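One structure is given below, encoded as structure tokens.
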Amino acid sequence: MSKALTLRRSLAPLGLGLLLALGLALLLAVGWMGVRGRDMADLTVYLLISGVLSFGLGALGLAWFRKGRVQLWLQVTLTYVLGITVAILNIFLTARLMFISSDHDLPLLVLLMLFAAVVSLALGYALAQALAQRVRTLQRGAEAIANGDLRARVADAGSDELAMLAAQFNRMAAQLAAGAEQRAQLESARRDLVAAISHDLRTPLASLRVMTEALSDGLIDDPATTTRYLATMRAQIGHLSSLIDDLFELAQLDAGALTLDLRRTALAELVDDAIEGMRPQATAKGVALRGDVPPGLAHALIAPDKIGRVLYNLVTNAIRHTPAGGSVTIAVRSAAGTSTELPAQPAPRDPPHYFVVEVADTGEGIAAADLPHIFEHFYRGEKSRSRATGGAGLGLAIARGIVEAHGGRIWAENTSEQGARIRFTLPAPGI
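To convert, note that position 151 of the sequence shown is 1017 in the numbering used here; the numbers rise steadily by one, no gaps.
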């Protein structure tokens, strides 16, 4: 509905009130006072002039109030002031009519006061309707929200209390809409989580069931095959155990219940341990593992088992996506302030001194569409590639949780040549 049409509708009660007041005054003048001829013509002219001026003042007041730029308490006060002004104006303009005839002075005064009262009531009603209309607009918006339309908004132009209330209402509606969208995303993530867990549990369980049934039914009597089956079953059980451990640790991270046993630790030793532990896996795939830690690097106050888990997850992920003949490098640097080691928009909570740990590979890199999501639970990027390379999609999510629990942050980027690198920071007190 346009503002002009709304204003015209608000002026309708004022116009009807003026016509009613004019008609009533003229009827009383003829029937009660017996005004005739010239006196009647003068009375009609003055009442018309007073009515037009009253209507003009009322229209200006309505237009001003509807902009919502006047405080609500002042609007109510001005409503009474405007009504009194209209009454005084009517009496002032028609005061000379009191001298039409001395016999008519008292009745005429009563008549003028009655006219002014009706006009004031009409004006007050019109102004009150203008305020009520804005309240009804808020009511309709609230009803729409209550009925589930979280896109509902109300006009909030102006600076009075109702305008501020409308602005707060719109902010509330926007927050509700954002919350609903977040709930929908969480529900979608929950469904994806259940589907991913089901897949990662069903595959090894199905394999275990088939091999167990084959062995228990005596279908396998070849010692070599039996040994191979047992080795496969042991590997599948290890996979299930690792998945359950990951889920438990992720639940602890999400609940903020992860316990950190902080110790002063040499990062060079932690990197060496990670390289030695992952070397068989890298060698089997034909990938070279390298460490790059400068001598004399200060110790870090960390939980070594948890940061070791981060390195294990990152290196495992890097080896998984690096072809034979490629390499994976673990590097550590100390930095301060807004170092170029950090992303383009460093977080304001970065400590003055910190370590930057980097795991870089020479693989295919990370798709641009996947970069913002790789640290999410069960996110695997391109599904065909992730299924082929394995992994439950929890390693990077766990790495992020552990790093953030240490007060650091983690991010991923593609290198300028080939491959990708994941970096994370750790506070370095005392550098």
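Cβ coordinates follow ideal geometry from the N, Cα and C atoms, glycine included. Since we're looking at a predicted model, the values are computed, not measured.
For Gly1231, the three-state secondary structure derived from DSSP is coil. Rounded to the nearest angstrom, the gap between the Cα atoms of Asp1112 and Ala1148 is 22 Å.
Among the bridge pairs identified by DSSP, Pro1089 is matched with none. In the three-state scheme derived from DSSP, where H, G and I count as helix and E and B as strand, Ser1193 is classed as strand.
For Leu1292, there is no enclosing alpha helix (DSSP H); the residue is part of the beta strand (DSSP E) that begins and ends at 1286-1293.
For a cut-off of 8 Å, the C-beta gap from Gly1267 to Leu1109 is around 16 Å, too long to register as a contact. The criterion of a C-beta distance shorter than 8 Å is satisfied by Phe1221 and Val1198.
Assignment of beta-bridge partners to Glu1279 by DSSP yields Arg1287. When DSSP states are grouped into helix, strand and coil, Phe1241 belongs to the coil group. In the DSSP annotation of this structure, Asp1066 is not part of any beta strand (DSSP E); the continuous alpha helix (DSSP H) holding it starts and ends at 1027-1082. Annotated three-state conformation of Leu1163 is coil, per DSSP. Cα atoms of Trp898 and Gln999: separation of roughly 39 Å, rounded to the nearest angstrom.
A direct Cα-to-Cα measurement between Asp1022 and Gln1005 gives close to 14 Å. Between His1165 and Ala1190, the CB-CB gap reaches or exceeds 8 Å.
When Cβ pairs closer than 8 Å are counted between the two stretches, the stretch 1269-1280 is seen not to touch the stretch 1151-1163, the count staying below three.
Only residues of its own chain outside the window of five on either side were considered, and among them Ala1140 have a CB closer than 6 Å to the CB of Leu1177, listed in chain order. Separation of the CB atoms of Ala891 and Met906 is rounded to 11 Å, and the pair is thereby denied contact status at 8 Å. Here Ile1276 is buried, its C-beta having at least 16 other C-beta atoms within 10 Å. The straight-line gap separating the alpha-carbon atoms of Asp1083 and Ile1103 is approximately 21 Å. Each residue's CA atom was taken as its position, placing Arg1057 and Ala1286 some 30 Å apart.
It is roughly 33 Å from the alpha-carbon of Leu885 to the alpha-carbon of Ala1029.
In this structure Pro1160 is exposed. Its beta-carbon is surrounded by fewer than 16 other beta-carbon atoms within 10 angstroms. Residue state for Thr1188 is assigned as coil, using DSSP reduced to three classes. Each of Glu1270, Asp1088, Ile1240, His1272 was checked against the Cα of Gly1261, and the nearest Cα belongs to Ile1240.
Beta-bridge analysis with DSSP links Ile1141 to no other residue. Taking a 10 Å sphere around the C-beta of Gly1229, we find 16 or more other C-beta atoms and assign the residue as buried. For Glu1135 and Leu1126, the gap between their C-alpha atoms comes out near 19 Å. Close CB contacts of Glu1242 within its chain, under the 7 Å cut and outside five residues either way in sequence, are with Ala1263 (chain order).
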